[in-house]
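Residue numbers (this note's numbering), protein chains in the order written: chain G, 31 to 369; chain X, 31 to 369; chain L, 31 to 369; chain H, 31 to 369. These notes concern the structure reproduced below.
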C-alpha cells in the first residue's frame with residue numbers, strides 16, 4: 031500500500047501516518063518529493079484491513095493499493111489452469127462446453143422437449159430455472175421444487191448434467207439433491223451469505239458476473255467460494271449494464287480474456303442474457319469462443335413467444351441446431367477476405 | 031401494452047399477434063400507419079406476464095409498456111403520504127429524521143461512545159452494522175450477534191431506536207429481536223428471498239437503492255415488501271455507480287424527488303455512502319434536505335482513521351455536532367447572494 | 031508518479047525503469063517490498079509525458095499518478111475564489127446568478143416574450159441557443175445569425191447580459207460580437223480546437239461538463255482555456271448519463287461541491303438538462319443552491335409544448351416566476367420537521 | 031409516434047393533443063384503455079420535430095417513438111451492403127481490412143519504421159495521428175502538418191493508403207490533401223459542424239463511436255454525413271466507457287453485430303483503444319472478426335515504452351507480425367474442444 035500525503039500535510043501528520051503503519055505491522059518507507067510525500071507500507075505480515083482506515087487520517091490525500099486483493103483465484107499461487115468436472119463433463123483448459131436449455135422450467139413437457147432438442151443438437155449440459163429472480167413480484171417466479179423434479183427426469187433421459195440457479199441459503203440443500211452444478215445469478219454475485227453457504231457444498235458453482243461488477247469484484251466473489259472451501263468454480267460473463275438501449279446488456283468479451291489472464295478458473299459466456307436480442311446471439315457465440323471462453327450458455331425454448339421469461343433472447347430448437355452446426359465450422363480470414 | 035410491429039411484418043404475423051393478445055385476456059386495437067402497424071393491448075383483466083413473451087413473436091419489433099409496473103407503492107391507489115413509526119420516531123410527510131452512527135459496530139466502547147455522541151448532537155435514531163457485506167472475504171465481516179447486544183444496550187441507554195442491516199433470511203428472526211428497523215443493503219435490493227421474508231415481519235424496513243438500479247427497479251423491490259404484507263418501508267438513496275472516480279458513488283438527489291413523485295413512501299438520503307468523501311458530506315446533507323428527503327443517514331465514528339470499515343466517509347463526533355448545528359440554520363438566497 | 035512493478039519483474043527490468051526515470055529528468059526512489067518493488071519518480075523538472083509511456087515497459091504492472099494533472103484551475107496556486115464579470119453581472123465567491131431563457135431562439139416574438147418574462151421574475155442573465163447541437167440531422171438546428179440579432183435586441187431592451195452556445199471555431203468571432211458569455215456545450219467539452227480558440231477571446235466562457243466526463247476531465251478542459259490565456263471560466267454541471275431511464279440525465283450535485291473543493295472557478299448548475307423533467311426542476315434548483323452552486327441556469331419557454339427543442343424540461347413563465355419566489359424564501363429544518 | 035396520456039388526463043387534454051397532432055400534419059388514432067388513453071400519430075407527411083414538443087403538453091405522460099430516426103444509413107431504403115474504396119483498398123461486404131500504425135506520428139523515423147513493419151506483416155492501410163485530442167493541455171498534441179508530410183512519404187514508399195484524424199473544420203482542406211480517409215475521433219462523434227463539413231469532401235470518413243454513445247446516436251452521426259452528401263462512411267467501434275477499471279474501455283462487439291443489422295455501412299473494430307491493454311488485444315481481434323467486423327484498426331509502435339501517447343495499448347512490430355499470422359489460421363471448435 032502507498033499512502034499519498036496531500037501537499038499541505040504537516041511533518042507531524044507524516045510522522046503520525048508512519049507510526050500507524052508500524053502499528054498495523056508494516057514497515058514504512060518514505061519518499062519525499064518536491065511537492066508531496068508518499069509513504070510505502072511494506073511487509074507480508076501486516077494487517078491490511080486496519081491500514082485502509084488511514085485514508086481518514088489527517089493529511090492523507092489517498093491510499094493506493096499495489097497488490098491484487100484476491101489470492102486463491104489468482105494465478106500467482108497456482109499457475110496451471112483449473113478444470114471443473116460437472117457430472118462427468120469437463121470445463122476449462124481446453125475442455126469446452128455448451129450449456130443450453132430454457133430460461134425457466136415452465137412445465138414437464140416444455141422442459142423435456144427442450145432437453146431432447148438441445149441434446150440432439152450437441153449440447154453438453156442442460157440449464158433451466160426452478161427459482162427465478164424477477165424484478166417485479168407480479169412476474170412468474172418459477173415452479174420451485176416441482177421444476178427440480180423435471181430437471182432430474184430430463185437428466186435421466188438425456189444424460190445431460192443439470193445446472194440451475196439457487197437464490198437463497200434456505201434452498202441450497204434441496205437444490206444440491208437435484209443439480210450437478212449450482213448457479214449464482216448475477217444479482218446475487220455479492221450475496222455473501224449465499225456465497226459462504228455454497229463454499230461448503232460438494233457441487234461446482236457457476237458464478238455469474240454482476241451486471242455492474244468489475245472483474246476484480248467478480249474474482250473477489252469467487253474468492254469467497256475458494257477461501258471457504260469450494261475450489262470448483264466456473265465464472266460466467268453475462269453482460270454488463272451500459273447506456274446501449276437496443277440491447278439488454280453489453281456482453282463484455284474482453285472481461286473473459288482479462289479474467290483468464292488474472293485467474294486460473296474457467297470462464298464461460300452467456301450471450302443470451304449478454305445481449306437480450308436473438309438476432310445477434312450467433313455472432314456473439316462465435317466471438318466469445320474467439321475471445322477464449324471455455325464454453326457457452328445459451329437459452330433455448332421450444333416456443334419463445336410463449337416463454338414465461340426471456341422469450342426475446344431465446345433461440346428456438348431449429349435456430350439452436352443451426353448455431354451448433356455453424357460453431358463446428360472453422361472461422362478464418364484469408365488474403366483480407368473473411369471466408 | 032403497445033406492440034410495435036416491424037415495417038416488414040406480414041398480415042399473417044399481425045393477425046397472429048392480435049390472436050395472442052386476445053388469448054392473454056386483452057382486447058386488441060390496431061393502428062395501421064404509413065410504414066408500420068402498432069397494436070394496443072387494452073384491458074384490466076389480461077395476463078400481462080404472458081403478453082410480454084410476444085416480443086419474441088415473428089414480425090414484432092418491440093413491446094412498449096404504457097403503465098407503471100408497480101401498484102401498491104404508487105400514488106395512484108394511495109394519495110396520502112405514508113408515515114412510518116420506528117420505535118416512536120416518525121418518518122415521512124413532514125416528519126424528518128437524522129439517523130447516525132458507525133458503519134460497523136466494532137466494540138462495546140466504540141458503539142457506546144458513538145451512540146452518546148450522536149444523541150447529544152440531536153440524532154433521532156442510531157445506525158450500526160452487525161453483519162457487514164464486504165467485497166473481499168478477507169475484510170472485517172462484522173461482530174454479528176455480539177454487535178446486536180451492544181446495539182440493544184445503546185438503545186437502552188440513549189433511547190434511540192436502532193436500525194441495522196440484515197443480510198440473509200437466516201438472520202431475520204434474530205435481528206428482529208434487537209432492531210427497530212431492518213436495513214436491506216444496496217447489494218441486496220434485488221435479493222428476492224430476503225425481500226419475501228421481510229414482507230412477513232412486523233418491523234419497518236429501510237430499503238437501500240441498488241448502486242445501478244433505476245428508480246422503477248427500486249420501487250418494484252419495495253413492491254415485493256408491500257405486496258407480501260409489510261407496508262412499513264422507508265426508501266434510502268445511497269448513491270449510484272458512475273464514472274466519477276474521485277467519489278465512491280454519485281448521490282442521485284433527483285431520484286429522491288422522482289421517488290416521492292411516483293410513490294407515497296418516505297425517502298431518506300445517505301450522503302456518507304452516496305459520496306464516500308467526508309469533505310462533501312455536509313453540503314450533500316443540505317442538498318438532500320432541499321431536494322425533499324425525509325431524513326438523512328450519516329456515518330459517524332469516534333475515530334474514523336481507526337474504523338474497520340468506511341473510515342474515509344465517516345464524520346467524527348465534533349464534525350457531526352457541527353453539521354447538526356448547521357442544519358438548524360435556515361438556508362436562503364437573497365438579492366442574488368447566498369447568505 | 032509511482033511505478034508499480036509486477037511481482038515477476040526481474041532486477042534487469044527494475045534497473046531499466048530506474049534509468050528511464052532518470053532519462054525523463056526525475057530522481058528514482060526504490061521501495062522493495064516482500065512481493066514487489068515500487069519506484070517513485072520525484073522531481074519538479076521532469077518530463078511527465080515521457081514518463082507515462084513507461085507503463086508499456088517490460089515488468090511494469092501500473093503507473094500511479096500522485097499529483098493532480100491540472101495546475102491553473104486548481105487551488106494550490108490560487109487560494110482566493112475567482113469572480114467572473116459578465117456584462118456587469120458577477121458570478122462566484124458569494125455572487126450568485128440566475129440565467130434563464132429558452133433552449134433555442136425560435137423567433138423574435140418567442141425570445142422577447144421569454145426575455146421580458148425572466149427579467150420580470152428576477153433573472154440576472156438571458157440564455158438562448160442560436161446554434162443547436164442536435165442528435166439527428168433532421169431536427170431543428172437553430173436560426174444562427176438571425177437568432178444572434180434577436181438576442182442582442184433582447185439585451186438592449188431588458189439589460190440582461192447574453193449567454194449563447196458557440197459550436198465551432200468558425201463561429202467564434204461572430205458570436206463574440208453578440209454575446210456577453212460564450213457557452214461550450216456538453217458534447218464539446220473535449221473539442222480541443224474550440225477550447226484553444228476560446229482561450230484567445232476576451233469573453234468569459236461557460237464550460238458545460240460532458241455527460242460522461244469525470245470532474246478531473248472537466249477541470250482539464252478548463253485548463254485548456256486558462257493555460258491558453260482566458261482566465262474567465264464558469265463551470266456548469268448539467269447532468270451525467272446514468273442508467274436512470276425516467277430522467278434524461280442525473281444531476282451530479284456532489285460534483286459541484288467537489289469542483290469547488292478542487293478549483294477556484296465558479297460553478298453553476300443546469301437542472302433543466304440535468305433532469306429533463308419539469309416536475310423535479312424546482313427541488314433540484316433548491317438542492318443545487320444548498321450544494322454550493324454559484325448560480326442556476328434554467329430553461330424557460332413561453333409555450334413549452336410548442337418548443338422546437340427541450341420542451342419537456344422547460345418551465346413556462348408562471349412556473350419560473352413561482353420558482354423565483356420560492357428561492358427567495360429560507361429553507362430550514364427545525365426539531366426534526368422541515369418547514 | 032405514440033402519445034401515452036397519464037391516467038389523470040382530462041378529456042379536454044386528450045382533445046388538445048388530438049388537435050395538435052393534426053396541426054403537425056398527422057392523423058390521430060385514439061385507443062381508450064381501462065386506465066389510460068394512448069393516441070397514435072400516423073402519417074408520412076407530418077412534422078415529427080414539432081410533434082416531439084407534445085411531451086410538454088398537459089396530461090401527457092410520455093411520447094413513444096415507433097420508427098427508427100435514421101433514414102439513409104438504415105437498411106430499409108438500401109438492402110445491399112455498402113463497399114467503401116479507400117485509395118484502392120475496399121472495405122465491407124466481404125472485403126476485410128487491417129489498418130495499423132502508431133497512435134501519433136512522432137518523427138519521420140518512427141513513422142517509416144512502423145509503416146514498413148506493418149506493411150511487411152500484411153496490413154492494408156496505415157494509421158497515424160497528426161493532430162491528437164488529449165485530455166490535458168500539457169500532453170503531446172501531435173506534430174500537425176509536419177506529420178501529414180511524413181504520412182504522405184510513408185504512403186509513397188509502402189503503397190498503403192493513409193487514415194488520419196481531423197479534429198476541426200479548419201483543418202479539413204489541409205488533411206484532405208494528404209489523407210485517403212479522414213477519421214472522426216470518438217470525442218468528436220457529435221461535433222456537428224465537423225460532420226457537416228466532412229459531408230462535403232470527396233474522401234471517405236472513418237467515424238468512431240463516442241465512448242458513451244448508443245448505436246442509434248452513432249448511426250445518426252453517420253446520417254449527418256450521408257444526408258449532407260458523403261455516402262462513404264466506415265463505422266469504427268472503439269470501446270465504450272464502463273465501470274471496469276482494469277481496462278481503458280469496454281469493446282462492445284455486439285454493437286458491431288447490431289450496427290450491421292441496422293445499417294448497410296461497413297464496421298471495423300479498434301481493439302487497441304477498445305481495451306487499452308496489450309495482453310488482451312490479440313484475443314479481441316479474433317473476437318471482433320468472429321462478431322462480423324469488416325476490419326481491424328490496431329495501434330503498432332516500434333518502441334511502445336517510448337511512445338508519446340497510448341504506449342500501453344500499442345503492439346510492437348514482432349507482436350503485430352505474430353498477430354497477423356494468427357489471424358490467418360482458422361479458428362474452430364470440434365467435439366467440445368477448441369483447437
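Glycine is no exception: its CB is placed at the ideal position from the N, C-alpha and C atoms.
Beta carbon proximity, residue i to chain G, threshold 7 Å
i: residue 363 of chain H; result: Note on residue 363 of chain H: pLDDT 49, under 50, position unreliable in the model; the coordinate value appears next. It does: the Cβ of residue 363 of chain H has a partner Cβ on chain G nearer than 7 Å.
i: residue 72 of chain L; result: yes
Span of the beta strand (DSSP E), counted from its first residue to its last, around residue i
i: residue 57 of chain L; result: 57-62
i: residue 70 of chain H; result: 67-72
i: residue 76 of chain H; result: Residue 76 of chain H -> no beta strand (DSSP E), and no H or E assigned at all.
i: residue 265 of chain G; result: 263-267
i: residue 298 of chain L; result: 297-299
i: residue 238 of chain G; result: 235-238
i: residue 116 of chain H; result: 114-116
CB contact below 7 Å: residue i versus chain L
i: residue 59 of chain G; result: yes
i: residue 200 of chain H; result: yes
i: residue 254 of chain H; result: yes
i: residue 290 of chain G; result: no
i: residue 101 of chain G; result: no
Status (buried if at least 16 other CB within 10 Å, exposed otherwise) for residue i
i: residue 321 of chain L; result: buried
i: residue 255 of chain G; result: buried
i: residue 363 of chain L; result: Any answer about residue 363 of chain L is weak, because its pLDDT of 49 lies below 50 and its placement is not dependable; what the coordinates show is given next. Burial call: buried.
i: residue 335 of chain L; result: buried
i: residue 162 of chain H; result: buried
i: residue 259 of chain G; result: exposed
i: residue 226 of chain X; result: buried
i: residue 232 of chain L; result: exposed
Proximity test, Cβ basis, 7 Å: residue i and chain X
i: residue 245 of chain L; result: yes
i: residue 239 of chain G; result: no
i: residue 36 of chain G; result: no
i: residue 326 of chain L; result: no
Which residues DSSP lists as bridging residue i, in chain order
i: residue 34 of chain X; result: X:68, X:92
i: residue 130 of chain L; result: L:156, L:328
i: residue 195 of chain H; result: H:213
i: residue 293 of chain X; result: X:104
i: residue 340 of chain G; result: Residue 340 of chain G is not bridged to any residue.
i: residue 44 of chain G; result: In the DSSP output, where bridge partners are listed per residue, residue 44 of chain G has none listed.
Residue-chain proximity (residue i, chain H), Cβ-Cβ < 7 Å
i: residue 68 of chain X; result: yes
i: residue 274 of chain G; result: yes
i: residue 63 of chain X; result: yes
i: residue 368 of chain G; result: With a pLDDT of 41 at residue 368 of chain G, under the threshold of 50, the modelled position of that residue is not reliable, and the figure given next carries that caveat. Closer than 7 Å: yes.
Alpha helix (DSSP H) segment containing residue i, residue limits
i: residue 255 of chain L; result: 245-258
i: residue 120 of chain L; result: First-last for residue 120 of chain L: 119-121, but that is the beta strand (DSSP E), not the alpha helix (DSSP H).
i: residue 315 of chain G; result: 311-320
Supposed contact pair residue j and residue i - C-beta distance, whole angstroms, cut 8 Å
i: residue 193 of chain X; j: residue 211 of chain X; result: 4 Å
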